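Student: Below you'll find the structure I mean.
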Amino acid sequence: MPKKILFVEDDEGFFNIFSVPLKMKGYDVVHVPDGSAAVEKVITEKPDLVLLDIVLPGMSGLDILKELREREETSVVKIIMLTNFGNDDNVAKAMDYGSDDYLMKYNIVPSELPDKIASLLGEDAEFGVKMMES
Amino acid sequence: MNQIYLLNILVILESIVLLVISILLFSKTKNLTKLKQYEEEFIKSQAKKQATQDDFLPMLVHELRSPLSVIQGAADLLIKSTDDLSSEQIHTLLNQIKTSSSTLLGMVGSILDVSKMESGRFEINKTFSDINPVLRDECSYFDSLAKIKEIALDCQTDEHLPSFNFDPERIKQVLNNLISNAIKFNTSGGSISIISKKVDGACRVEICDTGVGISDKEKPFLFQKFFQASNQDGVQKGTGLGLVISKGIVEAHGGKIWVEDNKPKGTKFIFVIPTK
Chain W
1 MPKKILFVED
11 DEGFFNIFSV
21 PLKMKGYDVV
31 HVPDGSAAVE
41 KVITEKPDLV
51 LLDIVLPGMS
61 GLDILKELRE
71 REETSVVKII
81 MLTNFGNDDN
91 VAKAMDYGSD
101 DYLMKYNIVP
111 SELPDKIASL
121 LGEDAEFGVK
131 MMES
Chain U
135 MNQIYLLNIL
145 VILESIVLLV
155 ISILLFSKTK
165 NLTKLKQYEE
175 EFIKSQAKKQ
185 ATQDDFLPML
195 VHELRSPLSV
205 IQGAADLLIK
215 STDDLSSEQI
225 HTLLNQIKTS
235 SSTLLGMVGS
245 ILDVSKMESG
255 RFEINKTFSD
265 INPVLRDECS
275 YFDSLAKIKE
285 IALDCQTDEH
295 LPSFNFDPER
305 IKQVLNNLIS
315 NAIKFNTSGG
325 SISIISKKVD
335 GACRVEICDT
345 GVGISDKEKP
355 FLFQKFFQAS
365 NQDGVQKGTG
375 LGLVISKGIV
385 EAHGGKIWVE
395 DNKPKGTKFI
405 FVIPTK
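Listed in order, the protein sequences are those of chains W and U.
Heads up, the first sequence is in our numbering, so the first residue is 1 and it goes up one at a time.
Heads up, the second sequence is in our numbering, so the first residue is 135 and it goes up one at a time.
This is how it looks when you write it as structure tokens:
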């Protein structure tokens, strides 16, 4: 059974691009474009990992993170913040709320993303290396 | 006796001079206090202005980075995974690069426009035209987006409006900004009306929506750089320059732009441009 990634991202273009290598790796990627639907989706979809933007309509990524950590059923899900909103306050707040990683969109290219996820999920990073070499 | 009389006069004169000096000094001190108050108020207002800009600059940077991340990401996939991508995926990625580049160019254009407006170097190219077709074109342009969001969009043009000198491209930019905001802050089942009217020596355009509205507290700040109304949940996107530019464009035509409540619900943006 493929591992499931919930990708909370309102920028369609960014989602289309960054979901390609994840799907190629074999992950089941579920797209959530609206912040207000994110918590509910995590509860119903039970993903292995959540990729979470901060600047979202409906509810901010930091509020989603806080609520996910506070709820018993979602408190241990792996969460990576993936945003272009990188001031120190936000990073500190995200880490304080319990984010597993904080990635800046402009600092990472799609081919590197599967490696980051694989390492967090305790998988090997072979695919990412292959993509980097090709 | 004369000496005593003279001395008395001198004492009185000295007292008068001292009194005048005291009054002058007192008034000067009063002015200084006033000046000090002005200075403190100015420092406070500047600090507030700076704080507003400091708050919104990270958002501007975020908005500039977003299309860049997409371009960088698409290019990365095209370079490293070409063999694994279908021709359709390659086409989609190239389209993303094109769209994001246009978005980025638009933002850079907005920043340049504001910079020119602030330094008094902003210029418009007026031509003698009819504004109604411009309004109708803009309505058609936004029609599909409004339909997707289930918002009714209608255009009511006053056919008695005479042709006049204006910059059609820049007026399109104003309408683009106001209509996209009206859609963005509206809800499913809502409506937007674009209305042109001939008023005394001028053309009046109204963009009325039934959206979430703008609070009275926030109205005075709407046309300020980087300001974004907090009328939606979540974090608001955008450069916060659209309304500043719209105001600059309307004023460059010798006109005026303002906002009112669209009773019973929503917001009404109105701009008036002289036709003579």
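Just so you know, even glycine gets a beta-carbon here, dropped at the ideal spot from N, CA and C.
All figures in this text were calculated on a predicted structure; none of them were measured in a lab.
Out of curiosity, what's the CA-to-CA distance linking W:Phe18 and W:Met59?
Tutor: Translated into positions along the first sequence, residue 18 of chain W becomes position 18. Translated into positions along the first sequence, residue 59 of chain W becomes position 59. A direct Cα-to-Cα measurement between W:Phe18 and W:Met59 gives close to 22 Å.
Student: Within 10 Å of its beta-carbon, does U:Ile143 have 16 or more other beta-carbons around it, so buried, or fewer, so exposed?
Tutor: Residue numbering aside, residue 143 of chain U sits at position 9 when the second sequence is read from its first letter. U:Ile143 comes out exposed.
Student: Which residue wins for smallest C-alpha separation from W:Asp89, given the options W:Ile80, W:Ile79 and W:Tyr102?
Tutor: What you label residue 89 of chain W is simply residue 89 of the first sequence in a count that begins at 1. The residue with the shortest Cα to Cα distance from W:Asp89 is W:Tyr102.
Student: If you draw a straight line from the C-alpha of W:Lys3 to the C-alpha of W:Gly26, how long is it?
Tutor: Counted from its first residue, the first sequence places residue 3 of chain W at position 3. Counted from its first residue, the first sequence places residue 26 of chain W at position 26. W:Lys3 and W:Gly26: Cα-Cα distance of roughly 8 Å.
Student: In three-state DSSP terms, what is U:Thr409?
Tutor: Here residue 409 of chain U corresponds to residue number 275 of the second sequence, with the count starting at 1. Here U:Thr409 sits in coil by DSSP.
Student: Count the other C-beta atoms from every protein chain shown that fall within 10 angstroms of the C-beta of U:Leu239, then say buried if there are 16 or more, exposed otherwise.
Tutor: Along the second sequence, one-based indexing puts residue 239 of chain U at 105. So U:Leu239 ends up on the exposed side.
Student: To the nearest angstrom, how far is the alpha carbon of U:Asp271 from that of W:Leu68?
Tutor: Here residue 271 of chain U is taken as the residue at index 137 of the second sequence, counted from 1. Here residue 68 of chain W is taken as the residue at index 68 of the first sequence, counted from 1. U:Asp271 and W:Leu68: Cα-Cα distance of roughly 46 Å.
Student: Just by C-beta distance, which residues in the segment 100-117 of chain W are closer than 7 Å to chain U?
Tutor: Lys105, Tyr106, Val109, Pro110 and Ser111
Student: DSSP beta-bridge partners for U:Gln358?
Tutor: Taking the first residue of the second sequence as position 1, residue 358 of chain U is located at position 224. Beta-bridge pairing links U:Gln358 to no other residue.
Student: DSSP three-state call for U:Val346: helix, strand or coil?
Tutor: As a first step, residue 346 of chain U is located in the second sequence; it is residue number 212 there, counting from the start. Correct three-state label for U:Val346: coil.
Student: Spatial neighbours of U:Asp263 within its chain, please: C-beta separation below 7 Å, excluding the five flanking residues on both sides.
Tutor: Translated into the one-based positions of the second sequence, residue 263 of chain U becomes position 129. With the sequence shown as reference, residue 263 of chain U is identified as Ser, and Asp is not the correct amino acid for it. Excluding residues up to 5 positions away in sequence, Ser297, Phe300 and Pro302 lie with their Cβ nearer than 7 Å to the Cβ of U:Ser263 in the same chain.
Student: At the level of alpha carbons, what is the spacing between U:Asn229 and U:Glu222?
Tutor: Translated into positions along the second sequence, residue 229 of chain U becomes position 95. Translated into positions along the second sequence, residue 222 of chain U becomes position 88. U:Asn229 and U:Glu222: Cα-Cα distance of roughly 10 Å.
Student: Checking the sheet assignment: what are the DSSP bridge partners for W:Lys66?
Tutor: Stepping through the first sequence from its first residue, residue 66 of chain W is reached at position 66. Per DSSP, none; premise fails for W:Lys66.
Student: Decide yes or no for the touch test of the segment 317-325 of chain U against the segment 378-391 of chain U: beta carbon pairs closer than 8 Å, at least 3 of them.
Tutor: No, they do not touch.
Student: Starting from U:Thr233, find everything on chain W with Cβ-Cβ shorter than 7 Å and list it in chain order.
Tutor: The residue given as residue 233 of chain U occupies position 99 in the second sequence. Chain W residues near U:Thr233: Gly13.
Student: Looking at the secondary structure, which residues open and close the alpha helix (DSSP H) in which U:Glu303 lies?
Tutor: By 1-based counting over the second sequence, the position of residue 303 of chain U is 169. First-last of the alpha helix (DSSP H) with U:Glu303: Pro302 to Lys318.
Student: Evaluate the contact criterion for the segment 93-100 of chain W versus the segment 205-224 of chain U: three or more CB pairs, one atom per stretch, below 8 Å.
Tutor: no
Student: So the candidates are U:Asp350, U:Ala386 and U:Leu202; which of them puts its Cα closest to the Cα of U:Glu252?
Tutor: Start at 1 with the first residue of the second sequence, and residue 252 of chain U comes out as number 118. With distances taken between Cα atoms, U:Glu252 lies closest to U:Ala386.
Student: Three-state secondary structure (DSSP) at W:Pro47?
Tutor: The residue given as residue 47 of chain W occupies position 47 in the first sequence. The answer is coil: DSSP assigns W:Pro47 none of H, G, I, E or B.
Student: Runs of 4 residues minimum, wholly inside the segment 231-299 of chain U: which ones carry the alpha helix (DSSP H) assignment?
Tutor: 265-282
Student: Below 7 Å between beta carbons is the criterion; list the residues of the segment 199-212 of chain U that meet it against any residue of chain W, in chain order.
Tutor: Arg199, Ser200, Leu202, Ser203, Val204, Gln206, Gly207, Ala208, Asp210 and Leu211
Student: Since I believe W:Asp10 is in contact with W:Asp34 (beta carbons under 8 Å), could you give me their beta-carbon distance rounded to a whole number of angstroms?
Tutor: Taking the first residue of the first sequence as 1, we reach residue 34 of chain W at position 34. Taking the first residue of the first sequence as 1, we reach residue 10 of chain W at position 10. Right, the Cβ-Cβ distance comes to about 7 Å (below 8 Å), so this counts as a contact.
Student: Could you pull the start and end residues of the beta strand (DSSP E) that U:Glu394 belongs to?
Tutor: The residue labelled residue 394 of chain U in the question sits at position 260 within the second sequence. Where U:Glu394 is concerned, the enclosing beta strand (DSSP E) stretches over Lys390 to Asp395.
Student: Going by C-alpha to C-alpha distance, which of W:Met24, W:Met1 and W:Asn16 sits closest to U:Asp217?
Tutor: The sequence position of residue 217 of chain U within the second sequence is 83, counting from 1. Here the closest residue by C-alpha is W:Met24.
Student: Spatial neighbours of U:Lys332 within its chain, please: CB distance less than 7 Å, with the 5 preceding and 5 following residues excluded, ordered by chain position.
Tutor: Numbered from its first residue, the second sequence carries residue 332 of chain U at position 198. Within the same chain, U:Lys332 has close Cβ partners Asp292, His294 and Leu295.
Student: Using CA atoms only, rank isn't needed, just tell me which of W:Met81, W:Met95 and W:Val42 is closest to W:Leu113.
Tutor: Stepping through the first sequence from its first residue, residue 113 of chain W is reached at position 113. With distances taken between Cα atoms, W:Leu113 lies closest to W:Met81.
Student: Roughly how many angstroms lie between the CA atoms of W:Phe127 and U:Asp343, to the nearest whole one?
Tutor: The sequence position of residue 127 of chain W within the first sequence is 127, counting from 1. The sequence position of residue 343 of chain U within the second sequence is 209, counting from 1. Model confidence at W:Phe127 stands at a pLDDT of 48, short of 50, so the residue's coordinates are unreliable and nothing is read from them.
Student: So within the segment 9-57 of chain W, which uninterrupted alpha helix (DSSP H) runs reach at least 4 residues, ignoring any that extend past its ends?
Tutor: 12-25 and 35-45
Student: Evaluate W:Gly86 with the Cβ neighbour count: other Cβ atoms within 10 Å of its Cβ, from every protein chain shown; 16 or more gives buried, anything less gives exposed.
Tutor: Position 86 of the first sequence holds residue 86 of chain W. Its Cβ being crowded by 16 or more others within 10 Å, W:Gly86 is buried.
Student: Indicate the three-state DSSP secondary structure (helix, strand or coil) for W:Asp101 in the structure shown.
Tutor: Against the first sequence, residue 101 of chain W aligns to sequence position 101. Note: W:Asp101 maps to strand in three-state DSSP.
Student: Looking at the C-beta of W:Ile80, does it have a partner C-beta in chain U at a distance below 7 Å?
Tutor: Residue 80 of chain W sits at position 80 when you count from the first residue of the first sequence. No, W:Ile80 lies away from the interface with chain U (no Cβ there is under 7 Å from its Cβ).
Student: Does W:Val109 come out as helix, strand or coil in the three-state DSSP assignment?
Tutor: What you label residue 109 of chain W is simply residue 109 of the first sequence in a count that begins at 1. Here W:Val109 sits in coil by DSSP.
Student: Taking DSSP's pairing of strands, which residues face W:Met81 in a bridge?
Tutor: Counted from its first residue, the first sequence places residue 81 of chain W at position 81. According to DSSP, which records beta bridges pairwise, W:Met81 is partnered with W:Leu52 and W:Tyr102.
Student: By the three-class DSSP mapping on this structure, what secondary structure does U:Lys399 have?
Tutor: Sequence index remark: in the second sequence, residue 399 of chain U carries index 265 (1-based). Of the three classes helix, strand and coil, the one that applies to U:Lys399 here is coil, per DSSP.
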